[in-house]
Ligand SMILES: [Zn+2]
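Residue numbers (the working numbering): 464 to 543.
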């Protein structure tokens with residue numbers, strides 16, 4: 464079996480390593496809801512891709528709580 468004639472220094476190895484690291488992916492904005500999404504993927508917030516509705520998005524618990532709070536505020540406003 465062939466053997467390397469000289470040992471690679473730590474420095475030489477470490478200089479090479481950063482080029483193997485994963486690159487950060489950039490985010491784009493969803494044209495419909497303006498939330499940050501991964502490029503070339505359907506928006507997970509509103510379910511659209513290229514202006515078409517692709518996914519059915521269920522109302523999240525967070526959204527339901529928000530709606531309830533808003534409704535309660537409106538009720539209180541109308542009472543006073
Ligand atoms: Zn969206």
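Just so it is clear, CB atoms sit at the ideal spot from N, CA and C, and this is done for glycine as well.
Beta-bridge pairing of residue i - partner residues as DSSP gives them
i: residue 500; result: 491
i: residue 516; result: 511
Burial state of residue i (16 or more Cβ within 10 Å)
i: residue 517; result: exposed
Nearest-angstrom Cα separation, counted from residue j out to residue i
i: residue 512; j: residue 500; result: 11 Å
i: residue 505; j: residue 534; result: 31 Å
i: residue 465; j: residue 473; result: 21 Å
i: residue 524; j: residue 488; result: 29 Å
i: residue 538; j: residue 503; result: 43 Å
i: residue 510; j: residue 467; result: 55 Å
i: residue 530; j: residue 486; result: 39 Å
i: residue 526; j: residue 471; result: 57 Å
i: residue 532; j: residue 497; result: 23 Å
Any non-hydrogen atom of ligand 2 within 7 Å of residue i CB
i: residue 508; result: Ligand 2 is not part of the structure shown, which contains ligand 1 as its ligands.
Taking one C-beta from the region 472 to 481 and one from the region 489 to 505 each time, how about it: are there three or more such pairs within less than 8 Å? no
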